[in-house]
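Asker: Same order as they appear, the protein sequences are chains Y and C.
Under this note's numbering, the first sequence is numbered contiguously, ending at residue 116.
Under this note's numbering, the second sequence is numbered contiguously, ending at residue 1113.
Here it is, the structure, as structure tokens.
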Amino acid sequence: NAGVMQNPRHLVRRRGQEARLRCSPMKGHSHVYWYRQLPEEGLKFMVYLQKENIIDESGMPKERFSAEFPKEGPSILRIQQVVRGDSAAYFCASSFVLAGVTGELFFGEGSRLTVL
Amino acid sequence: DQQVKQNSPSLSVQEGRISILNCDYTNSMFDYFLWYKKYPAEGPTFLISISSIKDKNEDGRFTVFLNKSAKHLSLHIVPSQPGDSAVYFCAASARDSNYQLIWGAGTKLIIKP
């Protein structure tokens, strides 16, 4: 499967625990984007990364959230000390070039985080 | 501060008729507009896009119209088919914002048999 792979698809955590969401971009893509979708809302940009670099994290909450895209391995979105408000679908997307230039982002199927 | 607005949360259309999905924006610096389609439990998939230098782009049953003076774009699907039932997101980007995509909240399209 050459598409964007996200795991886990579903994750349940209790308040205060850590959540780690992984994303493997499409082969050959070096641009990775994380989005969050809250119930009844659209996609909200969180962070844009290239290999080993965070390019734009303007949509990321300042505390508890972090993202990385190491030289080897998947991109990871990490949420520490989760709260109920973190419950959402987290989508990862990748592109070959900067997304808005060509328009086309390839999305994974999302990771649905539920915080109890 | 919603720069991209899709004011209709849902739309119901008879199969075979035209579906028109609307999107309004406030930032005059947007120079690229896109529509994505999303099925339940799946990620969005790119559908069609338009540059601000154009006012129309057509791809099969899908046509996007851009009215820059009104800051409005629309997606026309004709004829509508059952498989078109999905949530449609409008998104926009601007060169001076590093082409970060700004998304609308989506419109759920329901095609009735």
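Ideal placement from N, C-alpha and C gives every residue a C-beta, glycine not left out.
Computed from a predicted model, the values in this text were never measured in an experiment.
Nearest to Y:F96 by alpha carbon, out of Y:E104, Y:L49, Y:H29, Y:F45?
Answerer: Y:H29
Asker: Which residue marks the beginning of the beta strand (DSSP E) containing C:K1037, and which one marks its end?
Answerer: 1032-1038
Asker: What does the alpha-carbon distance come out to for the pair C:P1079 and C:Y1032?
Answerer: Approximately 26 Å, taken between the alpha carbons.
Asker: According to DSSP, is C:R1095 part of a helix, a strand, or is it coil?
Answerer: helix
Asker: What does C:H1076 pair with, by DSSP beta-bridge criteria?
Answerer: C:I1020, C:T1063
Asker: Whose C-alpha, out of C:D1084, C:M1029, C:S1008, C:I1053, is nearest the C-alpha of C:A1092?
Answerer: C:M1029
Asker: Given Y:A89, which residues of its chain have a CB within under 6 Å of its CB, disregarding the five upstream and five downstream residues?
Answerer: So the qualifying residues of the chain are Q37, G110, R112.
Asker: Just to confirm before moving on: does the CB-CB distance between C:I1048 and C:S1085 stay below 8 Å?
Answerer: no
Asker: Tell me which same chain residues have a C-beta within less than 8 Å of the C-beta of C:I1018, skipping the five on either side of it?
Answerer: H1076, I1077, V1078, P1079, S1080
Asker: Can you tell me where the beta strand (DSSP E) with Y:D120 in it begins and where it stops?
Answerer: Only positions 1 to 116 of chain Y appear in the structure, and residue 120 of chain Y is not among them; the question remains open.
Asker: As a quick exercise: from Y:F65, Y:L77, Y:L105, pick the residue whose alpha carbon is nearest that of Y:N7.
Answerer: Y:L77
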